[in-house]
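K.L.:
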Amino acid sequence: RGASAGNGRLLAMVGKGVTFDSGGISIKPADRMEEMKMDKTGACTVLSAIATVAELAPGTPLLAVAPAVENMPGPHSTRPGDIVTALNGKVVEINNTDAEGRLILGDALVWAEREGATHLVDVATLTGAVERAFGKLITGGFGTPQAWWDEIHAAGARQGERYWQVPLIDDYRVDMESWYADFTNTGTPEGGLIKSGLFLKEFVTRPWAHLDIGGSGYLRRATPWAARGATGVTHATLVELALGGV
399 RGASAGNGRL LAMVGKGVTF DSGGISIKPA DRMEEMKMDK TGACTVLSAI
449 ATVAELAPGT PLLAVAPAVE NMPGPHSTRP GDIVTALNGK VVEINNTDAE
499 GRLILGDALV WAEREGATHL VDVATLTGAV ERAFGKLITG GFGTPQAWWD
549 EIHAAGARQG ERYWQVPLID DYRVDMESWY ADFTNTGTPE GGLIKSGLFL
599 KEFVTRPWAH LDIGGSGYLR RATPWAARGA TGVTHATLVE LALGGV
């Protein structure tokens, strides 16, 4: 964490840190499950970004939050149908234990606001839907209000990172309704990318953006511009945003 900003602005970068994601009780297929150690890429990115900013401009107002968990089956695992209360008091029905990332991000976003963050951006390997939509070269994301998304998009453009804004269609919220809670942690499959954003939106009251690196954050084979493995995508954008937004 850096110092407070003279202009009252404190940027919080929140990164999903699932150290290994088997899916839990809603277990994933065995094929390529070994790659799920990459589900902490968002957390690694925000920690790397704040370290970079600390080297380039010590004292820059900046907060990094990296909630870390492991998602494994076991006697104390979360079960489908469990009801949990989030940090902001909202009640969530877990209908799929493999949608754990949005649960920890929600609490982390609330915590960041309580720590005084005025602007938030989260980075996460959150969905497979984003890769099916945009492939490996483009990061999908959401933002509200529009001016905050535009600022992040411009920071990415200055650093050569490509983003595509996905609409937050509130009409899809009905597909996340629960008999027992305020909402479920997943909805019906169609529009799943949008519904992941609608879930996170329940946990923010200040300018916020979500960057889903589920496709762009990891390469299974080397390319002319990147090695195999984690790509570090969004790192340059976060640093640019922190240094340019003061």
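Residue numbers for the sequence shown follow the numbering used here, beginning at 399 and rising by one.
Glycine included, every Cβ here is placed at the ideal spot set by N, Cα and C.
#1: For His608, count the other beta carbons within 10 Å of its own beta carbon; 16 or more makes it buried, fewer makes it exposed. Which is it?
#2: Does Met470 come out as helix, strand or coil in the three-state DSSP assignment?
#3: Report the start-end ranges of each beta strand (DSSP E) in the stretch 598-634 that is 3 residues or longer and not cut off at the edges.
#4: Look at Arg399 and Leu461 and say whether their C-beta atoms are less than 7 Å apart.
#5: Please specify which runs of the alpha helix (DSSP H), each continuous and at least 4 residues long, are wholly inside the stretch 469-546, giving them in chain order.
#6: To which residues of the same chain is Leu501 closer than 8 Å at the C-beta, ignoring the five residues directly before and after it?
#7: Opposite Gly413 in the DSSP bridges: which residues?
#8: Look up Asp419 in the DSSP assignment and give the residues it is bridged to.
#9: Answer with buried or exposed for Pro565, where buried requires no fewer than 16 other C-beta atoms within 10 angstroms of its C-beta.
#10: The beta strand (DSSP E) that contains Leu452, what's its start and end?
#11: Enumerate in chain order the residues of its own chain whose CB-to-CB distance from Gly554 is below 6 Å, with the five nearest sequence positions on each side excluded.
#12: Would a C-beta distance cut-off of 7 Å place Tyr570 and Lys593 closer than the cut-off?
#13: Helix or strand or just coil, what does DSSP make of Leu641?
#14: Is the beta carbon of Ala464 less than 7 Å from the beta carbon of Gly514?
#15: What span of residues does the beta strand (DSSP E) with Trp577 cover, start to end?
#16: Identify whether Leu408 lies in helix, strand or coil by the three-state DSSP scheme.
P.N.:
According to the structure data:
#1: buried
#2: coil
#3: 606-610
#4: In contact: Arg399 and Leu461 (Cβ atoms closer than 7 Å).
#5: Runs of the alpha helix (DSSP H) inside the stretch 469-546: 499-512, 527-532.
#6: Counting only Cβ-Cβ distances below 8 Å, and skipping sequence neighbours, we find Val482, Ala484, Val490, Ile492, Asn583.
#7: Beta-bridge pairing links Gly413 to Val521.
#8: In the DSSP assignment, Asp419 is bridged to Asn469.
#9: exposed
#10: Note on residue identity: the sequence assigns Ala, not Leu, to residue 452. Where Ala452 is concerned, there is no enclosing beta strand (DSSP E), although the alpha helix (DSSP H) it sits in stretches over 439-454.
#11: Tyr561, Thr635
#12: yes
#13: In the structure shown, Leu641 falls within a helical segment according to DSSP collapsed to helix, strand and coil.
#14: no
#15: Unbroken run through Trp577: none, as it is neither H nor E.
#16: coil
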